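Here it is in structure tokens:
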């Protein structure tokens with residue numbers, strides 16, 4: 001995997017900085033109020049409140065910026081980090097500089113940058129933080145003397161501040177780096193899913209290319225067979241058994257020619273992008289007629305909700321083939337248990353059309369790769385049917401859910417009506 005995919009990116013870091021900035025504003029306000037009014041320390045209150053106010057204004061701007069559609073670039077993220085670092089340095093200047101126990105908070109931007117930005121950006125942030133530390137080491141408003149005194153064997157306020165700083169730094173780094181790590185894991189998972197889909201689509205494209213060539217080459221021998229078969233039937237009319245076989249063969253040839261014509265029509269529909277407009281009832285009826293021709297022995301039970309049947313679809317190319325693939329796979333699975341039962345349940349719910357196909361076969365193998373191209377759970381299968389159905393579902397912003405249910409397997413094709421339904 002390319003090295004850049006190992007980082008979460010500027011947007012995720014900028015969003016994390018926005019949350020961290022809010023925490024900083026709240027913590028700084030509490031610290032100033034405690035020091036000024038509860039501990040009665042002579043700190044420069046007005047400059048500190050001005051710095052916190054500037055940070056609050058920038059926090060509002062950052063929240064507005066993150067809602068805008070244009071992308072967050074690395075330079076912009078560095079600008080956010082630089083502003084936060086300068087404000088922190090400004091506040092530390094009026095509260096003891098490098099002697100302030102909270103000086104190590106300058107390391108937080110460096111740690112966060114290391115998880116999301118490039119090496120040059122990390123170097124820039126580190127340089128800025130280092131310069132801020134060096135400046136604060138020599139130029140600052142000293143802390144009150146009481147901050148360094150140790151009375152009655154108790155820890156000084158400075159040591160106590162170091163303890164508070166350690167706890168705050170640990171919590172901030174632990175929480176926000178874990179947040180960035182979660183974003184990174186999600187990005188890596190999405191990259192893996194996209195890669196798997198791309199590999200599957202490449203395989204489907206290769207199959208489609210081969211199928212187009214095969215369709216062109218098969219048309220000539222099928223036409224020859226279609227011409228010769230009637231003549232053979234007439235020549236052997238006396239042989240009843242042979243004429244029956246020839247009639248069956250002629251029907252299979254016609255079926256092959258029909259499939260080739262549908263392939264051509266499918267390609268033309270893809271090029272024209274003109275989906276066929278049919279009600280759900282007519283669409284299902286057409287699929288069932290085709291399925292009965294393909295699998296006359298199948299015992300198909302259909303449940304079609306009347307309200308669903310009236311919905312008019314912009315039937316996209318490939319949807320009919322996807323449903324037929326699922327029905328054919330279900331018939332094959334049921335046959336493994338000496339059954340011919342196949343169930344189809346069609347209904348809509350929450351603006352989703354659901355086509356559920358159930359069989360009475362052995363079901364899916366637990367942990368199997370039943371949706372992978374080229375991997376089939378049937379001995380005679382090519383592993384293409386479910387993969388093609390899944391590809392069709394994803395192309396229509398839907399999903400294909402496969403699992404075991406009752407006496408066999410169930411595959412549900414879920415499609416958004418907003419994509420496939422005809423608008424009134």
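Residue numbers (full-length UniProt numbering): 1 to 424.
No residue lacks a Cβ here, since even glycine has one placed at the ideal position from N, Cα and C.
Owing to the predicted nature of the structure, the values given are computational and were not obtained by experimental measurement.
- Ranking 386, 352, 400 by CA distance to the CA of residue 420 puts 352 first.
- Taking 8 Å as the cut-off, the Cβ atoms of residue 55 and residue 21 count as close.
- Residue pairing by DSSP puts residue 415 in a beta bridge opposite 353.
- The C-beta distance from residue 403 to residue 413 rounds to 13 Å, too long to fall under 8 Å, and the pair is not in contact.
- In the structure shown, residue 231 falls within a helical segment according to DSSP collapsed to helix, strand and coil.
- Here residue 282 is not bridged, per DSSP, to any residue.
- Of the candidates 261, 102, 28, 28 places its Cα closest to the Cα of residue 51.
- Here DSSP, grouped into helix, strand and coil, assigns residue 40 to coil.
- Contact check for residue 306 against residue 333 fails: the beta carbons are separated by 8 Å or more.
- Counting only residues of its own chain and dropping the five nearest sequence neighbours on each side, residue 359 has a CB closer than 7 Å to the CB of 330, 333, 334, 342, 408, 409.
- Annotation: the region 4-84 contains the following complete segments of the alpha helix (DSSP H) (minimum length 4 residues), in chain order: 10-33, 45-66.
- Going by DSSP, residue 108 is part of the alpha helix (DSSP H) stretching over 107-114.
- Of 53, 286, 19, 73, the smallest CA-CA separation from residue 118 is found for 73.
- Taking 8 Å as the cut-off, the beta carbon of residue 262 is found no closer than this to the beta carbon of residue 229.
- Exposed is the label assigned to residue 42, since fewer than 16 other Cβ atoms lie within 10 Å of its Cβ.
- Between residue 392 and residue 293, the C-beta gap is not smaller than 8 Å, which leaves the two residues out of contact.
- Per the coordinates, the alpha-carbon of residue 186 lies some 19 Å from the alpha-carbon of residue 71.
- Using a 10 angstroms sphere on the CB of residue 295, the tally of other CB atoms reaches 16 or more, which defines it as buried.
- When beta bridges are read from the DSSP output, residue 396 appears opposite no residue.
- The beta carbon of residue 109 sits closer than 7 Å to those of 81, 84, 85, 125, 129, all from its chain and outside the five residues before and after it, given in chain order.
- In the structure shown, residue 315 adopts extended strand secondary structure according to DSSP, grouped into three states.
- Ranked by Cα distance from residue 170, the first of 32, 112, 90, 241 is 112.
- CA-CA distance, residue 233 to residue 255, rounds to 18 Å.
- Of the residues assessed, residue 237 falls on the exposed side of the cut-off, its CB having fewer than 16 other CB atoms within 10 angstroms.
- Per DSSP, residue 135 lies in no beta strand (DSSP E) segment; the continuous alpha helix (DSSP H) that holds it begins and ends at 119-138.
- Taking 8 Å as the cut-off, the beta carbon of residue 400 is found no closer than this to the beta carbon of residue 418.
- Going by C-alpha positions, residue 300 is about 19 Å away from residue 385.
- For residue 66 against residue 18, the beta-carbon gap comes to about 6 Å, under 8 Å, which counts as contact.
- Residue environment analysis places residue 365 among the exposed positions, since fewer than 16 neighbouring C-beta atoms fall within 10 angstroms of its C-beta.
- Exclusion of the five residues before and after residue 227 leaves no residue of its chain whose Cβ lies closer than 6 Å to its Cβ.
- Selection 102, 217, 133, 94 evaluated against residue 168 yields 102 as nearest (Cα-Cα).
- Secondary structure in the region 288-333: the alpha helix (DSSP H) runs of 4 residues or longer, each lying completely within the stretch, are 306-309 in chain order.
- When DSSP reads this structure, residue 346 sits in a beta bridge with 304, 355.
- Taking a C-beta distance under 8 Å as the contact criterion, residue 291 and residue 298 qualify as a contact pair.
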